[in-house]
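To convert, take the position in the sequence shown, counting from 1, and add 12; that gives the numbering used here.
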Amino acid sequence: MNPRLLFAVAVGLLLPVQFALNSSLTPYTHSPVATAAVSYSVGALFLTLGLLIAGRGRLSFAPLRGAPVWSFLGGLVGSAYVVSSVVLTRSLGAALAVSLVIAAQVIASLAFDHFGVLGLPKRPFNRQRATVLVLVLAGLGLQVL
Numbered sequence: 013m014n015p016r017l018l019f020a021v022a023v024g025l026l027l028p029v030q031f032a033l034n035s036s037l038t039p040y041t042h043s044p045v046a047t048a049a050v051s052y053s054v055g056a057l058f059l060t061l062g063l064l065i066a067g068r069g070r071l072s073f074a075p076l077r078g079a080p081v082w083s084f085l086g087g088l089v090g091s092a093y094v095v096s097s098v099v100l101t102r103s104l105g106a107a108l109a110v111s112l113v114i115a116a117q118v119i120a121s122l123a124f125d126h127f128g129v130l131g132l133p134k135r136p137f138n139r140q141r142a143t144v145l146v147l148v149l150a151g152l153g154l155q156v157l
């Protein structure tokens, strides 16, 4: 099997772990927003250490000057995602929350690919992708019942 596909599966396994970890922290922070702040702070520390190690102590932000302004909004979107995942996991349970999120991600991803949104290469919606969408929605429907 393609190692990139295995890597994608491994990354996918992290989603319910993240939902559960952040949800378990919320009773101690008393706030989904505080939980997200702690989560992002720990992540930022980890990433900064990784950059320092990989870059041998050299960090350069100069190349970022050419990036489009909208490309910096990933952290904002990620923050909203983490806060929402905490709220959803605590109210719906991990399985339903993750199922809904995955279904929404598939729908949005198919649209983003088809239209080449935010600089992505265009990958047209076709019969195979339609089948994937139907199966994901069927799985979600079974989860909701």
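Beta carbons: idealized from backbone N, C-alpha and C, even for Gly.
Taking only the alpha-carbon atoms, compute the straight-line gap between F31 and R135 and give it to the nearest angstrom.
Distance between the alpha carbons of F31 and R135: 30 Å.
Please determine, among L26, P75, I65, F58, the residue with the shortest C-alpha to C-alpha distance to I114.
I114 has its Cα closest to that of L26, out of L26, P75, I65, F58.
Between the beta-carbon of Q155 and the beta-carbon of L122, is there less than 7 Å?
Taking 7 Å as the Cβ cut-off, Q155 and L122 do not qualify as a contacting pair.
Enumerated in chain order, which unbroken segments of the beta strand (DSSP E) with a length of 3 residues or greater are wholly contained in the stretch 124–155?
DSSP runs (the beta strand (DSSP E)) wholly in the stretch 124–155: none.
In this structure, how does DSSP classify S72 when only helix, strand and coil are distinguished?
S72 falls in the coil class under three-state DSSP.
Considering only the alpha carbon of each residue, which of T38, T60, L61 lies closest to V50?
Among T38, T60, L61, the Cα nearest to that of V50 belongs to T38.
Check whether the Cβ atoms of S111 and L152 sit closer than 7 Å, and answer yes or no.
The answer is yes: Cβ separation under 7 Å.
Do you know offhand how far L18's Cα is from S72's?
Those two C-alpha atoms are separated by around 32 Å.
According to DSSP, is N14 part of a helix, a strand, or is it coil?
In this structure, N14 counts as coil in the three-state DSSP scheme.
Measure the CB-CB distance between P44 and V98 and report whether it falls below 7 Å.
For P44 and V98, yes; Cβs fall inside 7 Å.
Report the rounded CA-to-CA distance for A20 versus Y40, giving the unit in angstroms.
A20 and Y40: Cα-Cα distance of roughly 32 Å.
Less than 8 Å between the CB atoms is what I'm expecting for S53 and T101, so what's the real figure, rounded?
At roughly 20 Å, the Cβ-Cβ gap does not stay under 8 Å, so S53 and T101 are not in contact.
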